[in-house]
Each structure stands twice: as structure tokens, then as C-alpha cells.
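Worksheet for the structure shown next.
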Amino acid sequence: MGGLGILVLTLLPLSGSVSAIPSRSSILSKVPFPSLSGYKDRINGLWRRGKQEGTVRRATNTSDSDSANLWVVDTLFEGQDFFDGFDFYTDKDPTNGQVQYVDRDTAFNENLAYVTSDNKIVMKVDNTTYLSQGQNRKSVRIQSKKRFNGGLFILDLEKAPHGCGTWPAFWTVGPNWPMGGEIDIFEGVHENTRNQATFHTSDGCTITNPQNFTGNLLASDCSAFADNNAGCGLINDSAASFGAPFNAVGGGVFASRWDSNGVWIWFFHRYTIPNDIINKVPNPELWGKPTALLSNTSCPPNKYFWDHQIVFDITFCVRGNPMII
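Taking mature numbering (1 follows the signal peptide of the UniProt record, and there is no 0), I'd label the letters of the sequence shown as residues -20 to -1, 1 to 305.
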């Protein structure tokens, strides 16, 4: 894998979520419109809030306030059909990385995207070709054909790329950026070892009450028009949530909940994944404090986030870009 790395994705049958890709610069956000260069680990599907139906199992220990509702499967991205749910992005990288995003046929023919015999999803970059000065490296960026307006996304990630200049990410983004908002669930650059979650919005959205989350808040104004589009970044409190340490322990699970009350992001090491996720009945009410929380009291999700596509991408940092550390 080296510095470019490979992200292996497998789908857990019911644990609702989408895999996240490792890293984007701690303060750099993907630019307007779906940028999807990606690799991820396991994609567990998307869960939505819904009335209980006969075929759906209720999560155990659910609070009384949740007794009428539970998370049920809305969309699954998995197995040999995984890539059928995504479009391959082939335009210029919005972040001006030295990358060439390839189409579906090229990605499959050159083994930059494939599904293994045991249904693991792999997305990677060309890490064998010697490039001339100024030549861009081939990579993959995909974005979901379907758009979402909330849900519970769970990523079980085994490995993610890292190394000097490498910039992978898993995120969701709306139309007419930044008006539809952006939620960065998993990203980092270079040899970072702590994942950064970031929210990017139009003017008026802020993060408050840091006592309600465990991440280190870098900035409280989420507006893309403030501070060079730094957004509301939160550094994970685990030094093994990204990079080499993350891969060394077998990765873990990233989960993001988005509903009318706010947006939450959690990270669980491989050995601390909640039983409700393992048992395919995810219940965020039992997960404790999140790494990141954007509350509706200071940023109503219905006002700042809509029609999101899921994005996976792997790009490379650009010399001279002031947003890249």
C-alpha cells in the first residue's frame, strides 16, 4: 500500500451506514459539488427513522421516547453490486489536487476499483506508475446516485490510505455548495493519526456547548465564507482514529446520525464497537457522547443540509494550497 494505501470496504448486512474514507486536510473542505475520490472500508447501508414494521426488529434498551420509532434499513451498498449505486466522477479535482479521476471502465480495468470474492469493496490509486513532472496520478472518486435528507450512516473501516501528500475522505454533500451543506465524517492528510470531522455550511450555522461532545473544536463558525472555509472542525480524541495507528489496530467504526435534532458523529475502535451495531439493530441513544455534535439550537439541519450525496475520494495535497498544512 505504501503512502497511497488501499481502503477495503465490506458491507455489514444491516448495520446502517456508509464507509468513510480517511482524511482530508484538517481545515480544507471539498469544494462545491460532489467530489468523490474514494476508498472506504465497509459500507453498512443507510438507516432511516421509521415506524416499526413486522419485518423489522426493535433495538434493545430503546428509550420510551423512541418506542414508536426505530432505525430501519433504507439503502444498502454492498457486495458485487456495490458500485452500481455510484457514479464515477471524472472532472477536475475541485481541491486542485494532482490527481486524475478515472471513469468506471478504467477503474475496473486497472484494478483501481473492484470487489473481492468475499465481497470486500476496494478503491485505490495507481501506486505503481512513475510520473513525469506535473503529471497527475490516477485515482477514484465516486458519488452516490441517490440523494439523502437525513439518516444513520455507519462505516466499518478496516484500512485507509495515509502518507505524505495523501488525502482520502468520506463525506456527504448537497447541491449548490455550500448552500446544501457538507458533512465530513472521516478525513485526514499526510501522517495524521487523529480523524477530523468537519461541517461546512452557508452563513449562520455555529457549534455550541462543547461539553456535549468529546472532539477538540477548532472553530465554531461553520460558514464556508468564514476563515477560508475552515468550517467547524473537530479533532478526534483518539490518536488511533486515522493513519498508521488506525490501520495497525484493524480500524473501527464511524457513525453519523443526521435528523431534525442535529448531526452527530461517533468513532469506535474495533474492540469497542457497540453490540447493537454488531447485532444489526443500531441504537444511537446508547452510544454516549459523540466526537462531534451540531445541535439544532444553533444550526437547524433542515435549514443547512439537504439532498446529500455520499462521496468517497482519494486525492493528493497541492503545494501552495494555503488550506493544507
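Glycine included, each C-beta is placed from N, C-alpha and C at the ideal position. Because the structure is a prediction, the values reported are computed rather than measured.
Check: Between which two residues does the beta strand (DSSP E) harbouring P148 extend?
Finding: Its beta strand (DSSP E) spans residues 146 to 153.
Check: Expressed to the nearest angstrom, what Euclidean distance is found between the alpha-carbon atoms of N175 and E167?
Finding: Straight-line Cα distance between these residues: approximately 6 Å.
Checklist line | Sequence-distant residues of the same chain with beta carbon closer than 6 Å to A220, five excluded per side | finding: Taken in chain order, the residues that qualify are F226, V229.
Check: Count the other CB atoms within 10 Å of the CB of Y110; is the residue buried (16 or more) or exposed (fewer)?
Finding: Classification for Y110: exposed.
Notebook entry, point to check: Below 9 Å between beta carbons: does that hold for R121 and T252?
Noted result: No.
Check: Between R84, V169, F133, G77, which lies nearest to W51 when the distance is taken from Cα to Cα?
Finding: F133 is the residue among R84, V169, F133, G77 whose C-alpha sits nearest the C-alpha of W51.
Next item on the list: Using alpha carbons as the reference points, say which of E162, V82, L56, F57 lies closest to A204.
Entry: Measuring C-alpha to C-alpha distances from A204 to each of E162, V82, L56, F57 identifies E162 as the nearest.
Checklist line | Supposed contact pair F234 and L137 - C-beta distance, whole angstroms, cut 8 Å | finding: Between F234 and L137 the Cβ distance is about 7 Å, and since that is below 8 Å, they are a contact.
Margin query: Looking at the secondary structure, which residues open and close the alpha helix (DSSP H) in which R174 lies?
Written below: Per DSSP, R174 belongs to no alpha helix (DSSP H) and is neither H nor E.
Check: Apart from the five residues just before and just after R127, which ones in its own chain have a Cβ nearer than 7 Å to its Cβ?
Finding: Excluding residues within five positions, the ones whose Cβ falls inside 7 Å are D287, H288, Q289.
Note to self: T146 and S275 - do their beta-carbons sit closer together than 9 Å?
What the structure shows: No, the Cβ-Cβ distance between S275 and T146 is not below 9 Å.
Checklist line | Residues sharing a beta bridge with D217, DSSP | finding: BP columns for D217 are empty, so no partner.
Checklist line | Proximity of V153 and V291 at Cβ, strictly below 9 Å | finding: In terms of Cβ geometry, V153 and V291 form a close pair [threshold 9 Å].
Item checked: Three-pair Cβ contact test at 8 Å for the stretch 90 to 109 versus the stretch 259 to 270 -> The answer is no - the stretch 259 to 270 does not touch the stretch 90 to 109, with fewer than three Cβ pairs under 8 Å.
Checklist line | Exposed unless 16 or more other CB atoms sit within 10 angstroms - verdict on P190 | finding: With fewer than 16 other Cβ atoms inside 10 Å of its own Cβ, P190 counts as exposed.
Next item on the list: For A235, write down the residues that DSSP places opposite it in a beta bridge.
Entry: I134, W246.
Next item on the list: Let me know if S240 comes out buried or exposed under the rule of 16 or more other beta-carbons within 10 Å of its beta-carbon.
Entry: Around the beta carbon of S240, fewer than 16 other beta carbons lie within 10 angstroms, which makes this residue exposed.
Notebook entry, point to check: If you count every other CB in all the chains shown that lies within 10 Å of the CB of G184, and 16 or more means buried, which is it?
Noted result: The residue is exposed, with fewer than 16 neighbouring Cβ atoms inside 10 Å.
Notebook entry, point to check: Going straight from the alpha carbon of A39 to that of K260, what length do you get?
Noted result: For A39, the predicted structure reports a pLDDT of 30, less than 50, and the residue's modelled location is therefore unreliable. A value from the coordinates is still provided. Taken atom to atom, the span from the alpha-carbon of A39 to that of K260 is near 9 Å.
Item checked: Buried versus exposed call for S119 [16 or more other C-beta atoms within 10 Å across all chains shown] -> It counts as buried.
Next item on the list: In angstroms with no decimal places, state the Cα-to-Cα distance between F247 and L214.
Entry: Roughly 12 Å separates the two Cα atoms.
Check: Can you tell me whether DSSP reads K118 as helix, strand or coil?
Finding: For K118, the secondary structure class from DSSP, reduced to helix, strand or coil, is strand.
Margin query: Taking only three categories from DSSP, how would you classify L197?
Written below: Shown here, L197 sits in a strand according to DSSP, grouped into three states.
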